[in-house]
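Chemist: Okay, here's the structure, questions in a sec.
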Amino acid sequence: MIEIAASREDVYRFRLDCMNLPTLNPAVRNVTRSDGATGPPVAGASYLCEVDLEWGECLATVNISEAVFPSLIVLDMETVLRTRMSDPESRVRSHEVARFSVLPGGGTRVDVELTLFPPDSVPADELAVMEANAGAPINVELAAMKLALENRPAGMEERNVEA
Numbered sequence: 083m084i085e086i087a088a089s090r091e092d093v094y095r096f097r098l099d100c101m102n103l104p105t106l107n108p109a110v111r112n113v114t115r116s117d118g119a120t121g122p123p124v125a126g127a128s129y130l131c132e133v134d135l136e137w138g139e140c141l142a143t144v145n146i147s148e149a150v151f152p153s154l155i156v157l158d159m160e161t162v163l164r165t166r167m168s169d170p171e172s173r174v175r176s177h178e179v180a181r182f183s184v185l186p187g188g189g190t191r192v193d194v195e196l197t198l199f200p201p202d203s204v205p206a207d208e209l210a211v212m213e214a215n216a217g218a219p220i221n222v223e224l225a226a227m228k229l230a231l232e233n234r235p236a237g238m239e240e241r242n243v244e245a
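Rendered as structure tokens:
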């Protein structure tokens, strides 16, 4: 959970745009839209990116499963270690639900729930690292989002993002 001194609409739009991920998280790079669409991010949009996680260098897919402006974003992700890309049993799925609510005074509260679905084949020591560090990337992203939105110059234009 984080509170951001920005409108719910601005916070929602910023979080929905997966192209912002490298700005929010230094572990994420090379984000590309993979669904062939070129318009604003909406439910059904898919992205590919590279991520350096605590347990190794990964390739990730991010799918926007649900986008209800300006209150809810649901992301389904699948991550695989580069060293195990040929093993379909090594893919780690996760499900993120972000809810956006208005605070007194006009700010926004963002509540994020992350559920991790590692495969049964993950060794116990790797699973312990995954579980211990699963929330860290989201915490980094939320803190960076707060900083970006609260410190942007007045009148800065938003990209056209619709749900």
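For the sequence shown, the numbering used here gives the first residue as 83, with consecutive numbering after it.
Think of the CB as a built atom: it goes at the ideal place given N, C-alpha and C, for glycine as much as any other residue.
These numbers come from a predicted model, not from an experiment.
1. Identify, in the order they occur along the chain, each residue of the same chain with its Cβ nearer than 6 Å to the Cβ of Glu246, setting aside the five sequence neighbours on each side.
2. May I ask you to report which of helix, strand or coil DSSP gives Phe151?
3. Quick one: grab the DSSP three-state call for Thr105.
4. In angstroms, rounded to a whole number, what distance separates the CA positions of Met159 and Ala87?
5. Could you name the residues that DSSP lists as bridge partners for Tyr94?
6. Report all residues from its chain with a CB closer than 7 Å to the CB of Pro104; omit the five preceding and five following residues, and keep chain order.
7. Would you call the segment 163-176 and the segment 185-194 in contact, with 3 or more CB pairs under 8 Å?
8. Can you check which of these residues, Cys100, Asn107, Pro108 and Leu106, is closest to Ser116 by C-alpha distance?
9. Per DSSP, what are the beta-bridge partners of Gly138 in this structure?
10. Thinking Ser176 and Leu198 are a contact (beta carbons under 8 Å), I'd like their distance in whole angstroms, please.
11. What residue range does the alpha helix (DSSP H) around Asp207 cover?
12. Using only the alpha-carbon positions, how far apart do Asp95 and Asn215 sit?
13. Could you round the C-beta distance between Glu223 and Asn107 to whole angstroms and report it? I think they count as a contact, below 8 Å.
14. Alpha carbon to alpha carbon, what distance is there between Pro219 and Glu85?
15. Could you give the residue range of the beta strand (DSSP E) that holds Val194?
16. Who are the near neighbours of Glu247 in its chain, counting only those whose CB is closer than 8 Å to its CB and skipping five residues on each side?
17. Considering Asn233, what are the terminal residues of the beta strand (DSSP E) in which it resides?
Modeler: Concretely, from the data shown:
1. There is simply no residue 246 to check, as the chain begins at 83 and stops at 245 in what is shown.
2. Reduced to three states, the DSSP call for Phe151 is coil.
3. Residue state, collapsed to three classes: helix.
4. Straight-line Cα distance between these residues: approximately 28 Å.
5. Paired residue(s): none; Tyr94 is not in a bridge.
6. If you ignore the 5 residues before and after Pro104, its C-beta comes within less than 7 Å of the C-beta of Val110, Arg111 and Val113, all in its own chain and listed in chain order.
7. No, because fewer than three Cβ pairs between the segment 163-176 and the segment 185-194 fall closer than 8 Å, the two stretches do not touch.
8. Measuring C-alpha to C-alpha distances from Ser116 to each of Cys100, Asn107, Pro108 and Leu106 identifies Cys100 as the nearest.
9. Looking at the DSSP assignment, Gly138 forms a beta bridge with Leu135.
10. Yes, Ser176 and Leu198 are in contact; Cβ-Cβ is about 5 Å, under 8 Å.
11. Ala206 to Asn215 is the extent of the alpha helix (DSSP H) around Asp207.
12. Per the sequence presented here, residue 95 reads as Arg, with Asp not at that position. The straight-line gap from Cα to Cα measures roughly 26 Å.
13. Indeed, because the Cβ distance is near 5 Å, the residues count as touching under 8 Å.
14. Their Cα atoms are separated by approximately 17 Å.
15. That run of the beta strand (DSSP E) goes Thr190 to Phe199.
16. Residue numbering for the chain in the displayed model covers 83 to 245; residue 247 lies beyond these limits and cannot be assessed.
17. No beta strand (DSSP E) holds Asn233; DSSP gives it neither H nor E.
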